[in-house]
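Here's the structure we're looking at; comments come further down.
There are 2 protein chains.
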Amino acid sequence: MATVSRVLNQKGYVHKDTVQKVHEAIEMLQYTPNDIARSLSKKSSKTIALIVPDITNPFFNELALAVEKVTQMYGYTTILCNTNDSPAVERQYIQTLKQKYIDGFIMATNTLSSNEIDQLQVPLVALDRSNFQTVPTISSKNREGARLAVQALLQQGCTKIMHIRGPKGLWIAEERCQGYLDLVEDLDWFTPKLIVNGNFQLKEASEAVNKIFDAHPDIDGIFAGNDLMAIGALRVMQKRGICVPDQVQIIGYDGIPLGEMVYPELSTVAQPIYEMGMLAARILIKKIEQQPLEEMNHQMDNELIQRGTTLHTS
Amino acid sequence: MATVSRVLNQKGYVHKDTVQKVHEAIEMLQYTPNDIARSLSKKSSKTIALIVPDITNPFFNELALAVEKVTQMYGYTTILCNTNDSPAVERQYIQTLKQKYIDGFIMATNTLSSNEIDQLQVPLVALDRSNFQTVPTISSKNREGARLAVQALLQQGCTKIMHIRGPKGLWIAEERCQGYLDLVEDLDWFTPKLIVNGNFQLKEASEAVNKIFDAHPDIDGIFAGNDLMAIGALRVMQKRGICVPDQVQIIGYDGIPLGEMVYPELSTVAQPIYEMGMLAARILIKKIEQQPLEEMNHQMDNELIQRGTTLHTS
DNA sequence: GAATAATGTGGAACCGGTAACATATTTCAT
DNA sequence: ATGAAATATGTTACCGGTTCCACATTATTC
Chain V
188 MATVSRVLNQ KGYVHKDTVQ KVHEAIEMLQ YTPNDIARSL SKKSSKTIAL
238 IVPDITNPFF NELALAVEKV TQMYGYTTIL CNTNDSPAVE RQYIQTLKQK
288 YIDGFIMATN TLSSNEIDQL QVPLVALDRS NFQTVPTISS KNREGARLAV
338 QALLQQGCTK IMHIRGPKGL WIAEERCQGY LDLVEDLDWF TPKLIVNGNF
388 QLKEASEAVN KIFDAHPDID GIFAGNDLMA IGALRVMQKR GICVPDQVQI
438 IGYDGIPLGE MVYPELSTVA QPIYEMGMLA ARILIKKIEQ QPLEEMNHQM
488 DNELIQRGTT LHTS
Chain F
188 MATVSRVLNQ KGYVHKDTVQ KVHEAIEMLQ YTPNDIARSL SKKSSKTIAL
238 IVPDITNPFF NELALAVEKV TQMYGYTTIL CNTNDSPAVE RQYIQTLKQK
288 YIDGFIMATN TLSSNEIDQL QVPLVALDRS NFQTVPTISS KNREGARLAV
338 QALLQQGCTK IMHIRGPKGL WIAEERCQGY LDLVEDLDWF TPKLIVNGNF
388 QLKEASEAVN KIFDAHPDID GIFAGNDLMA IGALRVMQKR GICVPDQVQI
438 IGYDGIPLGE MVYPELSTVA QPIYEMGMLA ARILIKKIEQ QPLEEMNHQM
488 DNELIQRGTT LHTS
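Chains V and F, in that order, give the protein sequences. The C-terminal residue of the first sequence carries number 501 in the numbering used here, and the numbering is unbroken. The C-terminal residue of the second sequence carries number 501 in the numbering used here, and the numbering is unbroken.
If you want it as structure tokens, here you go:
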């Protein structure tokens with residue numbers, strides 16, 4: 188028994204004839220090790236959890252794909268948990284998973300307080316959190332990315348640009364909004380009324396845009412805090428018979444594949460989603476395996492991709 | 188120890204003062220039971236797996252949401268596995284999860300042979316499989332659904348309707364194609380060339396549609412085997428400057444939320460995705476808990492939803 | 001060639017629960 | 001009052017691995 192364990196884990200001294208015999212026996216008996224028993228004695232399940240706020244947002248799909256890929260390579264299983272933006276559900280997941288000896292979490296949500304997260308006592312990586320000293324974080328350069336978008340709109344002739352921002356209190360939403368403000372706050376047409384609230388989902392954004400267009404029909408540029416809301420804005424334009432990009436130019440944020448499925452295709456500030464996911468997974472595994480991290484707060488570069496909602500396509 | 192177990196599982200005789208004391212102790216010591224140890228001795232993990240071929244397809248997102256909801260209600264955890272249409276990955280998942288005492292599978296994929304599935308020796312429910320005698324299945328009435336779509340196109344004046352079918356060998360793709368054929372095979376404009384192959388994804392469908400439109404520019408109706416491909420077709424029309432629905436009408440199949448995000452909104456044969464997911468989960472749990480099933484092959488009704496790609500909206 | 005080190009293998013405790021069994025106490029019918 | 005049944009609780013084996021320890025065997029050193 189002990190010898191078999193040694194063979195399977197390639198640990199300790201085993202004679203190579205014995206190794207051979209063990210493998211033959213495994214073959215003969217169709218033996219497969221029992222992961223649960225292993226987890227119990229090792230106090231580790233070789234499993235990590237990716238916690239996302241909204242599984243229907245393609246951003247998190249792509250993230251999941253990337254995380255999955257890396258973890259699988261290192262022999263870990265990933266489990267995907269969807270919280271629907273509910274802190275209660277999130278706590279429930281964490282609780283349940285800790286009872287299953289989960290090895291670590293990647294938190295793509297931003298609902299739990301930093302304090303609460305600090306107290307978890309499990310290896311953890313956070314996405315889109317502002318600088319944490321205790322927990323590794325990954326995000327794109329939100330403020331800079333927002334500036335890229337707004338600058339492009341200005342250069343391409345927009346004279347009144349609105350912003351659909353993400354939820355109040357969410358760090359990335361604040362940052363992107365700040366980036367917008369950096370460039371437009373001092374322009375004479377600017378008024379805080381040009382900033383409307385969204386919840387990163389399509390529907391609410393559409394409603395907000397509809398409302399503001401009644402008051403400001405001369406808006407000719409829209410910068411949305413994410414792609415889903417940008418698509419919501421595009422929909423509103425199309426329903427109103429306003430031509431995009433001739434009368435209004437739109438830029439989103441994220442770079443999800445969905446942006447290429449609408450027509451005209453969505454211009455966007457593309458985050459390196461896949462890389463962010465892979466990086467998160469690698470860092471988490473490093474942390475789990477107690478290797479030193481060289482850096483705590485990773486800031487990724489964005490790329491402005493101009494497509495049909497800002498440029499005329501042939 | 189045994190008494191604590193009895194209290195927590197509400198099983199066997201325990202004096203109620205003792206129950207009280209145990210609860211107090213649990214509170215005091217912040218005790219949480221260890222699920223891994225429990226799994227080991229019970230040979231069950233209270234976990235089921237949902238296996239999907241493509242996590243980026245919103246159809247499977249919605250399905251996952253539904254499954255998750257039901258399983259959670261019954262005290263099970265769901266883990267979502269994305270196979271990317273690879274049978275090897277699927278086998279790998281099944282193997283790994285069986286080693287973790289997974290209680291059951293919901294297979295929304297259709298890549299493994301019936302034979303292979305029969306031999307799994309784990310409770311299992313299959314989606315979109317044709318009648319299995321040994322395994323409960325759930326699907327919508329694909330052939331009938333396809334007929335709904337094609338009939339609507341005919342009634343609304345289409346005189347040459349193409350079909351973008353799903354992958355060869357996939358049961359649902361065959362059925363939907365048959366439904367199309369049922370109505371058009373005997374019409375004088377029909378030719379098998381009007382059926383093109385797609386893989387249920389947007390890109391390949393776009394290319395196929397582009398090609399066929401060069402040969403048959405007089406097509407005025409498109410029935411796609413799923414919504415993603417229908418959106419691909421819509422994109423092609425828009426790029427070619429063909430007006431939808433004036434010159435070409437399009438109907439998809441699935442009823443994913445994405446259909447309402449494009450403009451014009453996509454007409455579709457809507458499957459009751461959420462209900463299908465809930466049903467699958469309920470049946471699986473019944474099977475796991477060894478309750479009798481009243482029915483093996485569930486056929487759900489579809490609803491034709493006409494939106495902007497077939498109707499003029501105000 | 002004896003002392004020492006390196007290699008190889010089996011026994012047994014342990015991970016943290018569950019459940020069968022044994023034992024002790026109470027309840028109740030006769 | 002007595003025995004059977006019901007209630008209550010502690011003891012112990014077990015789930016299937018990992019790992020420490022003891023012991024045996026072989027290789028190396030002086």
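For each residue, glycine too, the CB sits at the ideal point set by N, CA and C.
For a contact meaning CB atoms closer than 9 angstroms, what does residue i contact in chain F?
i, result
"residue 220(V)", "286"
"residue 389(V)", "444, 447 and 448"
Could you check what DSSP says for residue i in three-state terms: helix, strand or coil?
i, result
"residue 479(F)", "coil"
"residue 352(F)", "strand"
"residue 257(V)", "helix"
"residue 247(V)", "helix"
"residue 205(V)", "helix"
"residue 429(V)", "coil"
"residue 412(V)", "coil"
"residue 401(F)", "helix"
"residue 501(V)", "Interpretation of residue 501(V) is limited by its pLDDT of 47, a score under 50 that renders its predicted location unreliable; no figure is taken from the coordinates."
"residue 171(F)", "There is simply no residue 171(F) to check, as chain F begins at 188 and stops at 501 in what is shown."
"residue 440(F)", "strand"
"residue 371(V)", "helix"
"residue 489(V)", "coil"
"residue 216(F)", "helix"
"residue 495(F)", "coil"
With the cut-off set at 9 angstroms, would you say residue i and residue j are in Cβ contact?
i, j, result
"residue 341(F)", "residue 326(F)", "no"
"residue 243(F)", "residue 245(V)", "yes"
"residue 382(F)", "residue 297(F)", "no"
"residue 424(V)", "residue 353(V)", "no"
"residue 371(V)", "residue 418(V)", "no"
"residue 275(F)", "residue 463(F)", "no"
"residue 263(F)", "residue 230(F)", "no"
"residue 191(V)", "residue 213(V)", "yes"
"residue 328(F)", "residue 486(F)", "yes"
"residue 295(F)", "residue 238(F)", "yes"
In chain V, what lies closer than 9 angstroms to residue i by C-beta?
i, result
"residue 232(F)", "223 and 287"
Could you tell me how far apart the beta carbons of residue i and residue j are, in whole angstroms, since I believe they sit closer than 8 angstroms?
i, j, result
"residue 236(V)", "residue 289(V)", "6 angstroms"
"residue 473(V)", "residue 480(V)", "6 angstroms"
"residue 492(V)", "residue 455(V)", "6 angstroms"
"residue 291(V)", "residue 475(V)", "5 angstroms"
"residue 420(F)", "residue 392(F)", "6 angstroms"
"residue 439(V)", "residue 460(V)", "About 13 angstroms; that fails the 8 angstroms criterion."
"residue 432(V)", "residue 496(V)", "5 angstroms"
"residue 407(F)", "residue 346(F)", "6 angstroms"
"residue 469(F)", "residue 322(F)", "So it is not a contact: roughly 15 angstroms between Cβ atoms."
"residue 387(F)", "residue 412(F)", "7 angstroms"
Within a Cβ cutoff of 6 angstroms, which residues of the same chain sit near residue i, ignoring the five residues on either side of it in sequence?
i, result
"residue 318(V)", "484"
"residue 366(F)", "330, 333 and 334"
"residue 445(F)", "245"
"residue 284(F)", "236"
"residue 364(V)", "352"
"residue 501(F)", "Any reading at residue 501(F) must be qualified, since the residue scores a pLDDT of 48, below 50, and its modelled position is unreliable; the value itself is stated next. Closer than 6 angstroms at the Cβ level, and outside the excluded window around residue 501(F), lies no residue."
What in chain V is Cβ-close to residue i, meaning under 7 angstroms?
i, result
"residue 352(F)", "The contacting residues do not exist; residue 352(F) stays about 20 angstroms from chain V at best."
"residue 245(F)", "243"
"residue 283(F)", "264"
Using a Cβ cut-off of 8 angstroms, pull out every chain F residue sitting near residue i, in sequence order please.
i, result
"residue 242(V)", "248, 251 and 252"
"residue 404(V)", "Within chain F, no residue comes near residue 404(V); the closest Cβ sits about 20 angstroms away, beyond 8 angstroms."
"residue 418(V)", "448"
"residue 422(V)", "448 and 450"
Whose Cβ in chain F lies nearer than 7 angstroms to the Cβ of residue i?
i, result
"residue 226(V)", "223"
"residue 266(V)", "266"
"residue 425(V)", "450"
Can you pull the chain V residues whose beta carbon is under 8 angstroms from the beta carbon of residue i, in chain order?
i, result
"residue 463(F)", "Within 8 angstroms Cβ-Cβ: nothing; residue 463(F) doesn't reach chain V, min ~16 angstroms."
"residue 255(F)", "269"
In its own chain, which residues sit with a C-beta less than 8 angstroms from the C-beta of residue i, not counting the 5 before and 5 after it?
i, result
"residue 398(F)", "383"
"residue 310(V)", "290, 291, 292, 471, 474 and 475"
Counting only the same chain and skipping the five closest in sequence on each side, list residues whose C-beta sits under 7 angstroms from that of residue i.
i, result
"residue 303(F)", "none"
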